[in-house]
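> Quick one: structure below, then a few questions.
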Amino acid sequence: MIPFKYGKVVLGNDFCGREVLVEQIREFIISGQNVLVNGDRRMGKTSLVLEAARREKFRVLYADFMLVRSTTDIISRILRGIFGLEKTKAWYHRAFEMLTHMRPTVSPDPVTGLPTMTFDFNPRQEAPDSLSEILKLVEKISHERTVVVLDEFQGILNLKNHMDIFSAMRGEIQHHGNIPYIFSGSNRQHIDSIFTEEGSPFFKSAIPITIGPIPFDEFNAFLTRRFAQGRRKISVDIMRKVFDIAKDVPGDVQQFCLSIWEVTDEGAVIGEDTLKEALDLIFAREKESYIGKYLSLSKNQVKCLRALAKLGGKNVYSKDFILEAGISQSSIQSAMKVLVDMNILFESVNELKFMNPFFRAWLIQQ
-18 MIPFKYGKVV
-8 LGNDFCGREV
2 LVEQIREFII
12 SGQNVLVNGD
22 RRMGKTSLVL
32 EAARREKFRV
42 LYADFMLVRS
52 TTDIISRILR
62 GIFGLEKTKA
72 WYHRAFEMLT
82 HMRPTVSPDP
92 VTGLPTMTFD
102 FNPRQEAPDS
112 LSEILKLVEK
122 ISHERTVVVL
132 DEFQGILNLK
142 NHMDIFSAMR
152 GEIQHHGNIP
162 YIFSGSNRQH
172 IDSIFTEEGS
182 PFFKSAIPIT
192 IGPIPFDEFN
202 AFLTRRFAQG
212 RRKISVDIMR
222 KVFDIAKDVP
232 GDVQQFCLSI
242 WEVTDEGAVI
252 GEDTLKEALD
262 LIFAREKESY
272 IGKYLSLSKN
282 QVKCLRALAK
292 LGGKNVYSKD
302 FILEAGISQS
312 SIQSAMKVLV
322 DMNILFESVN
332 ELKFMNPFFR
342 AWLIQQ
C-alpha cells in the first residue's frame, strides 16, 4: 500500500503534525468564531481545517470558490455543500424539499458516470439578494455542531460585482452567531485585501491564522516512518534535498516522496541517484504540460523564468538578476506580471515563486 498522498485532503493517520494550529482552530470552531486561514498553495490549509472539524465531530458544509464564474455559480457550490452535509436518504429528501423552488436535479455525469447535481435558477436568482436567501437557508439547516468552510474565498474577487456579493454575504453571516465560518485562500495578497482593507465588507470579520511549511524535523520523522513501512531507508541529508527541490511545500514534498516510492523496491537505501530517477518520473508524467507552458512564453518570459530558477525570486530587479536575464528592468517587470497572470509564478511575502517547483527543476535541467 502506497503511504504517500498528494493532491487531496488528508485526515486522521495521514495528517501530519500542526497540533498547535489544529487545537487553535478546534477551539475557534467550538466557540463559533469566524477564522481566516491564509497561506501559499498546497500548504495543507484545507486538510488542517477539516482535521480540526473531524476531531471535534463537527459536520462540515464545504464550498470551493476556485475559478467561480458568477453569483449563480457561488449559490450552486454552497447548495452542493448543503447536500454534502450528510449522506443519508432522509437528509437528501429533506434538502430537496427545502430547495424545490430551485428545482434541483440529479443526473449522471456524461464522462465519469457519477451523479451530479444541477439547479435551475430563474433570472432573479443571479442577484446577490438570492445569495442572502441561500445563506439564510444555511442557518436554518445548521445546528450547533456545523462549521461552514469557504475555500479559495478570494476567487470571488474575479467577479465584477464582487463588492455586492461580499456585502450580501457579510450581511447574513454576521447574524449566524452559532455557526463558525472558516475562510481559506491561497493568494495571500488577495485574501488579505478582503479582510484587512477598511472598505471591504469583511474587514476584521475573522481571526487570521497564517499557515506555512510543516517544520522539517516533524515532517521528516513522519515521512521517514512511512518509507520504513515499506522497508525503504532514507537519510536526513537526502530528505533535506527532497525538501529543497520541493521548496518545503507539503503537497509537493508528498508528491516527490510518492515518486521515490515508485522507483524503489523493498530494502532500498535512497540516495541522490534515486532522487534523480524520481524526478525523471515526475518530468515524464508532466512533460506535456511543461512543454505547453514553455512554448506559450515569449523570449523575455523564458529568460526571466531561467533567471528565477537559478537565482530565486527575492531580488528580481537587482543588478545580478538583470545581468542573468539579459534584459532591461522594465522588460523583467512586464514579463513577471504576465507570468503571475498565467499562474506560472505567484507572489509570496515579497518573493516570486514557481507555482510548480518541479517545473523549476525541469527548467534547470534543460
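-18 is the number of the first residue of the sequence shown in the numbering used here; add one for each residue after it.
Backbone N, C-alpha and C fix where the C-beta goes; we use that ideal spot for every residue, glycine too.
Would you mind giving the Cβ-Cβ distance between Asp301 and Leu289, rounded to the nearest angstrom? I have them listed as a contact below 8 Å.
Sequence index remark: in the sequence shown, residue 301 carries index 320 (1-based). Sequence index remark: in the sequence shown, residue 289 carries index 308 (1-based). The pair is not a contact, with the Cβ atoms about 12 Å apart (cut-off 8 Å).
> From what residue to what residue does the beta strand (DSSP E) around Arg40 run?
Working through the sequence shown from its first residue, we reach residue 40 at position 59. Residues 40 to 45.
> Is Ser165 near Leu(-8), with beta carbons less than 9 Å apart?
Numbered from its first residue, the sequence shown carries residue 165 at position 184. Numbered from its first residue, the sequence shown carries residue -8 at position 11. Contact flag unset, no.
> Within 10 angstroms of its Cβ, does Glu199 collect 16 or more other Cβ (buried), or is it exposed?
By 1-based counting over the sequence shown, the position of residue 199 is 218. Exposed, by the Cβ-count rule.
> Just to confirm before moving on: does the CB-CB distance between Val230 and Met24 stay below 9 Å?
Mapped onto the sequence shown, residue 230 falls at position 249. Mapped onto the sequence shown, residue 24 falls at position 43. Yes, the Cβ-Cβ distance between Val230 and Met24 is below 9 Å.
> Could you tell me the distance, in whole angstroms, from the CA atom of Arg61 to the CA atom of Gly248?
In the sequence shown, residue 61 corresponds to position 80, counting from 1. In the sequence shown, residue 248 corresponds to position 267, counting from 1. In a straight line, the C-alpha of Arg61 is about 46 Å away from that of Gly248.
> Below 6 Å CB to CB, which residues in the same chain sit around Asn337 once its five sequence neighbours on both sides are set aside?
Sequence index remark: in the sequence shown, residue 337 carries index 356 (1-based). Excluding residues within five positions, none has a Cβ falling inside 6 Å.
> Decide if Gly20 is buried, meaning its Cβ has at least 16 other Cβ atoms within 10 Å, or exposed.
Here residue 20 is taken as the residue at index 39 of the sequence shown, counted from 1. Classification of Gly20: buried, given that the 10 Å Cβ count is 16 or more.
> Going by beta carbon distance, what residues of the same chain come within less than 7 Å of His157, once the five residues before and after it are set aside?
For this step, residue 157 is matched to residue 176 along the sequence shown. The answer, listed in chain order, is Glu120.
> Classify Lys26 as buried or exposed, calling it buried when 16 or more other Cβ atoms lie within 10 Å of its own Cβ.
Translated into positions along the sequence shown, residue 26 becomes position 45. Answer is buried; the Cβ neighbour count reaches 16.
> Looking only at its chain, what residues have a beta carbon closer than 6 Å to the beta carbon of Pro(-16), apart from the 5 residues adjacent to it on each side?
Within the sequence shown, the letter at position 3 stands for residue -16. Excluding residues within five positions, the ones whose Cβ falls inside 6 Å are Arg207, Gln210.
> Compute the beta-carbon to beta-carbon distance between Ile55 and Ile146, rounded to the nearest angstrom, for a pair I have assumed lies under 8 Å.
Position 74 of the sequence shown holds residue 55. Position 165 of the sequence shown holds residue 146. Indeed they touch by this definition, with Cβ atoms about 7 Å apart.
> Express the C-alpha separation of Pro182 and Ser167 in angstroms, rounding to a whole number.
Residue numbering aside, residue 167 sits at position 186 when the sequence shown is read from its first letter. Residue numbering aside, residue 182 sits at position 201 when the sequence shown is read from its first letter. Whole-angstrom Cα-Cα distance: 20 Å.
> Terminal residues of the continuous alpha helix (DSSP H) containing Glu328?
In the sequence shown, counting from the first residue as 1, residue 328 sits at position 347. Unbroken run through Glu328 is the beta strand (DSSP E), 326 to 328; no alpha helix (DSSP H).
> Apart from the five residues just before and just after Asp(-5), which ones in its own chain have a Cβ nearer than 8 Å to its Cβ?
For the purposes of this step, residue -5 is identified with residue 14 of the sequence shown, where counting begins at 1. So the qualifying residues of the chain are Lys(-14).
> Quick check on DSSP: helix, strand or coil for Ala290?
Locating residue 290 in the sequence shown gives position 309, where the first residue counts as 1. Helix.
> With 16 as the cutoff for other CB atoms within 10 Å, does Leu276 come out buried or exposed?
Translated into the one-based positions of the sequence shown, residue 276 becomes position 295. So Leu276 counts as exposed.
> According to DSSP, what are the bridge partners of Ser165?
The sequence position of residue 165 within the sequence shown is 184, counting from 1. BP columns for Ser165 point to Val18.
> Would Glu243 be called buried (16 or more neighbouring beta carbons within 10 Å of its own) or exposed?
Here residue 243 is taken as the residue at index 262 of the sequence shown, counted from 1. Its Cβ having fewer than 16 others within 10 Å, Glu243 is exposed.
> With H, G and I counted as helix, E and B as strand and the rest as coil, what does DSSP make of Asp261?
Taking the sequence shown and counting its residues from 1, the one referred to as residue 261 is at position 280. Helix, per DSSP.
> Which of the three DSSP states, helix, strand or coil, is assigned to Phe(-4)?
Indexing the sequence shown from 1 puts residue -4 at position 15. Coil, per DSSP.
> Using the Cβ count rule (16 or more neighbours within 10 Å means buried), how would you classify Phe237?
Reading the sequence shown from its first residue, position 256 is the one you call residue 237. Classification for Phe237: buried.
> For Thr52, write down the residues that DSSP places opposite it in a beta bridge.
Here residue 52 is taken as the residue at index 71 of the sequence shown, counted from 1. DSSP lists no partner for Thr52.
> Going by DSSP, what residue range makes up the alpha helix (DSSP H) through Asp246?
For the purposes of this step, residue 246 is taken as residue 265 along the sequence shown, with counting starting at 1. Taken as a continuous stretch (DSSP letters only), Asp246 belongs to no alpha helix (DSSP H), as it is neither H nor E.
> By Cβ distance below 6 Å, which residues in the same chain neighbour Leu204 in space, the five residues on each side in sequence not counted?
On the sequence shown, residue 204 is found 223 positions in, with the first residue counted as 1. Only Cys238 meet the Cβ criterion.
> Tell me, to the nearest whole angstrom, how far the beta carbon of Ser240 is from that of Leu262; I am working on the premise that it is less than 8 Å.
Along the sequence shown, one-based indexing puts residue 240 at 259. Along the sequence shown, one-based indexing puts residue 262 at 281. Right, their Cβ atoms sit about 5 Å apart.
> Between the region 120 to 139 and the region 33 to 52, do at least 3 Cβ pairs fall closer than 8 Å?
The region 120 to 139 vs the region 33 to 52: in contact.
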